[in-house]
Amino acid sequence: MRAVYRVAKATYHEGWRRRFLNGILVFAILIIGSSWVFTYLQPGAELKMLIDVGLGSIRFFGMLIAVFLGVRLIPDEIEKRTIYTLLSKPVSRGQFLAGKFFGGLATVISNVALMGITFYVVFAIKAPQFAIPTEEGAPQYSMEFMYANVAKAILMSFLELAVVMGLAVVASVVFSWILAAIFTFFVYFVGQMSEFFGHLADPETGASPAARVILGTIYRIMPHFEIFDVREPILTDVPIVWGYMGRTFGMALIYIGIVLALGYLFFNRREV
Amino acid sequence: MSHTTKVVITWILLIGMVAGMQPLSETLNTERLIRGYARPTQVTKILQYDAPAMTGVIVGAMLGGFREVAASMLWMRTQSLWYEGRGTYWDALYLMRMTTLLDPHWLEPWRMTAWHCAYNLYVEAEGDPEAQARMLELGTDVLREGISWNPDRYDLYFELGWTYFDRIRDYDEAARWLGAAVQFEHPEYIERLIAHGYERLPDIPKALEWYDYCLKRRPSDETAKGATITIRERYLPAWRMMEEGRYDEAIAHLDRYLTIEPTSTIGLHVKAHIYEEAGDLVRAREQWRLAAETMALNHHARYKVAELSSKLGLPVPEHPSYIYGERRRQRMEIERPIPDS
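Here the protein sequences come in this chain order: A and B.
Under the working numbering, the first residue of the first sequence carries the number 62, and numbering increases by one thereafter.
Under the working numbering, the first residue of the second sequence carries the number 178, and numbering increases by one thereafter.
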């Protein structure tokens with residue numbers, strides 16, 4: 062465990078030293094900080110727009126950070142040949158991989174936490190102004206309810222980004238970092254649409270048997286990233302229950318377990 | 178632990194996790210539907226596998242959190258097309274459709290897309306009743322899909338009810354959807370509109386029930402007060418006579434008012450209805466035809482003429498509302514589950 066912790070700690074510090082990631086973070090904070098500006102696009106639905114732009118930015122920029130950080134962690138060590146020093150010490154390949162993943166994850170979490178805090182500040186200032194009061198004058202729903210739902214949505218983003226991070230790290234073990242980034246983006250976008258593929262694989266849609274087999278396979282093997290997307294209940298004032306969050310957490314652990322196990326198997330076969 | 182043992186354990190763990198993933202994934206998908214975290218609406222419902230629906234899903238997934246912003250941008254583009262005089266082109270419809278897919282909780286695009294189909298493109302298809310019926314179908318389907326995304330607000334129920342009331346003139350369906358709209362916080366005129374619909378259907382007792390409801394809620398409602406007096410004085414006695422089977426007396430009673438006001442839509446409709454109840458379909462058809470000729474936009478009367486012509490074995494005039502109604506009836510029959518024997 063100590064070896065994993067040390068690799069993770071070094072990765073975390075190294076992650077913060079990457080300038081382009083800092084650039085993405087600064088840009089993300091600027092966008093989130095000014096998310097209320099976009100609300101003019103939908104008069105009457107300002108709160109909805111604020112939540113969507115804010116949470117959407119956290120997910121989008123968090124994903125960019127997770128992918129571009131994840132795909133560079135191991136290839137950089139190989140390129141600089143520092144991996145030989147590390148692996149010659151009593152650090153196994155499994156520990157190295159786990160350390161890289163957890164270090165990268167810590168960087169992503171701290172980045173997302175900063176974005177989340179920024180959004181919370183904007184939300185706390187602007188949301189009460191945008192809340193539509195009922196005929197009796199009271200807001201349609203309590204702000205505490207909204208704050209809780211937004212916090213839960215940010216937590217769900219953490220889980221999603223942890224899976225993306227795992228995918229990016231493992232992809233970089235197999236492919237070059239550019240290919241790994243493309244692969245991770247592809248899986249992320251297809252994973253966002255997995256329910257749609259599931260629907261298309263339904264015999265009632267009239268798709269050919271061959272197409273149904275392909276679409277059904279995609280539906281089964283791709284991570285279902287839409288389970289982490291809870292903007293729908295936030296926008297429709299439906300509470301996000303802890304039970305659902307717990308099950309999603311379990312699912313995220315399984316996804317991470319699968320990608321790390323695959324990564325371990327690939328990394329063991331790779332000549333370094 | 179040897180390297181081989183580690184690899185074998187990893188494989189066992191991997192297989193175990195993949196096996197455990199499927200049931201949990203299915204549970205989560207079902208839970209999302211039950212709790213309302215995801216809508217069961219199929220995005221391809223309006224036009225099966227149409228390009229905007231597919232592109233909407235893909236672009237929506239790629240944009241992630243910026244779907245609302247993209248929807249707003251597309252909407253602005255639609256507006257500029259409109260002001261350039263290209264608002265009735267299919268391009269505009271695709272843009273509108275894409276906007277509804279990107280931001281299904283934004284009501285304006287649903288409303289406008291439906292209006293574009295049922296009104297603007299309907300007029301563009303003038304002279305082709307089949308195409309016009311298709312436009313009506315698109316318009317009402319758009320609103321139905323919009324309702325499935327926004328079931329807790331009165332707006333789209335009202336829009337659908339209004340499309341049936343004003344464009345298709347199917348007052349029965351109009352009353353059904355407007356009745357759904359008043360289950361939520363709504364403007365008061367919707368209640369009166371339901372009563373107006375029943376007047377024109379005609380179903381005089383139900384119209385009175387709704388006017389009474391309006392008066393109970395707002396005793397100062399002058400429109401409802403006036404309509405109640407008119408209905409009770411002119412049409413209710415004839416309606417009661419019809420219910421008692423005194424058809425000739427009912428017609429005679431109505432004729433007194435129709436002599437003074439021969440173009441009264443409600444009067445003509447009630448008279449046609451009485452003939453129908455009496456089983457005199459030829460005269461009923463004649464009355465509906467008269468009502469249709471009296472008012473250019475009386476699609477309800479035209480629908481009835483087509484319906485009765487079909488029943489009488491006469492040539493059925495091609496009318497968009499009738500074609501639409503027949504198509505919907507066939508669709509409902511297909512969609513209705515087969516009862517257990």
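No residue lacks a Cβ here, since even glycine has one placed at the ideal position from N, Cα and C.
{"Query": "B/Y296 versus B/P497: straight-line alpha-carbon distance, rounded", "Result": "12 Å"}
{"Query": "Reference B/P364; option with closest CA among B/L413, B/R330 and B/T440", "Result": "B/R330"}
{"Query": "Limits of the unbroken alpha helix (DSSP H) element including B/D425", "Result": "Y424 to I437"}
{"Query": "Cβ-Cβ separation, B/M273 to B/M289 (assumed contact under 8 Å), whole Å", "Result": "6 Å"}
{"Query": "Chain A contact for B/V220 (CB, 9 Å cutoff)", "Result": "Low local confidence applies: a pLDDT of 48 at B/V220 is under 50, so the model's placement there is unreliable, with the coordinate-based value given in what follows. True, the Cβ-Cβ gap to chain A drops below 9 Å."}
{"Query": "Beta carbon proximity, A/I279 to chain C, threshold 9 Å", "Result": "Given the protein chain composition of this structure (A and B), no chain C is represented."}
{"Query": "Coil, strand or helix - B/R330 by DSSP", "Result": "coil"}
{"Query": "Residue span of the alpha helix (DSSP H) that contains B/T125, given as start and end", "Result": "Past the boundaries of the shown model lies residue 125 of chain B; chain B is included only from 178 to 518, so the question cannot be answered."}
{"Query": "Reference B/Q360; option with closest CA among B/M253, B/L333, B/R417 and B/T181", "Result": "B/L333"}
{"Query": "Closer than 9 Å to chain A by CB, B/Y260", "Result": "no"}
{"Query": "Burial state of B/L210, where buried means 16 or more other Cβ atoms lie within 10 Å", "Result": "exposed"}
{"Query": "A/V251, DSSP secondary structure in three states", "Result": "helix"}
{"Query": "C-beta neighbour in chain A for B/Y214, strict 9 Å", "Result": "yes"}
{"Query": "Interface residues of chain A facing B/V185 [CB-CB closer than 9 Å]", "Result": "Under the 9 Å cutoff, chain A gives no residues; its nearest Cβ is about 11 Å from B/V185."}
{"Query": "Cβ distance (whole Å) where B/A449 is taken to contact B/K481 below 8 Å", "Result": "7 Å"}
{"Query": "Secondary structure of A/P151, DSSP reduced to three states", "Result": "coil"}
{"Query": "Stretch pair the stretch 102-109 of chain A + the stretch 160-167 of chain A: three plus CB contacts closer than 8 Å", "Result": "no"}
{"Query": "Reference A/F292, options A/M226, A/L116 and A/R63, closest by Cα", "Result": "This sequence places Arg at residue 292 of chain A; Phe is not what is there. If we check each option's Cα against that of A/R292, A/L116 comes out closest."}
{"Query": "Any C-beta of chain A under 9 Å from that of B/M275", "Result": "no"}
{"Query": "Rounded straight-line distance, which links the Cα of B/L278 to that of B/V319", "Result": "11 Å"}
{"Query": "Buried or exposed (CB count within 10 angstroms, at least 16 for buried), A/V234", "Result": "buried"}
{"Query": "Contact set between B/S249 and chain A, taken where Cβ atoms lie within less than 7 Å", "Result": "L102 and Q103"}
{"Query": "Secondary structure of A/F236, DSSP reduced to three states", "Result": "coil"}
{"Query": "Cβ-Cβ distance between B/T405 and B/D425 below 9 Å", "Result": "no"}
{"Query": "B/W416 - DSSP class collapsed to helix/strand/coil", "Result": "helix"}
{"Query": "Beta-carbon neighbours of B/M194, restricted to chain A and to distances below 8 Å", "Result": "I315, G318, I319 and A322"}
{"Query": "B/G316 vs B/L284 beta-carbon contact at 9 Å", "Result": "no"}
{"Query": "Where A/S95 falls: helix, strand or coil (DSSP)", "Result": "coil"}
{"Query": "Candidates A/E107, A/R133 and A/T309: closest to A/T245 by CA position", "Result": "A/R133"}
{"Query": "Neighbour list for A/R308 in chain B, Cβ cutoff strictly below 9 Å", "Result": "L201, T204, L205 and E208"}
{"Query": "Reference B/I186; option with closest CA among A/L326, A/E332 and A/R330", "Result": "A/L326"}
{"Query": "Own chain residues within Cβ distance below 7 Å of B/L458, not counting five before or after", "Result": "L485, K488 and L489"}
{"Query": "Alpha carbon of A/F310 to alpha carbon of A/F286, nearest angstrom", "Result": "12 Å"}
{"Query": "Exposure of B/T440, with buried meaning 16 or more beta-carbon neighbours within 10 Å", "Result": "exposed"}
{"Query": "CB contact check: B/V536 to chain A, cutoff 9 Å", "Result": "A question about residue 536 of chain B goes unanswered here, because the residues of chain B that appear run from 178 up to 518."}
{"Query": "Start and end residues, alpha helix (DSSP H) containing A/L134", "Result": "E107 to E140"}
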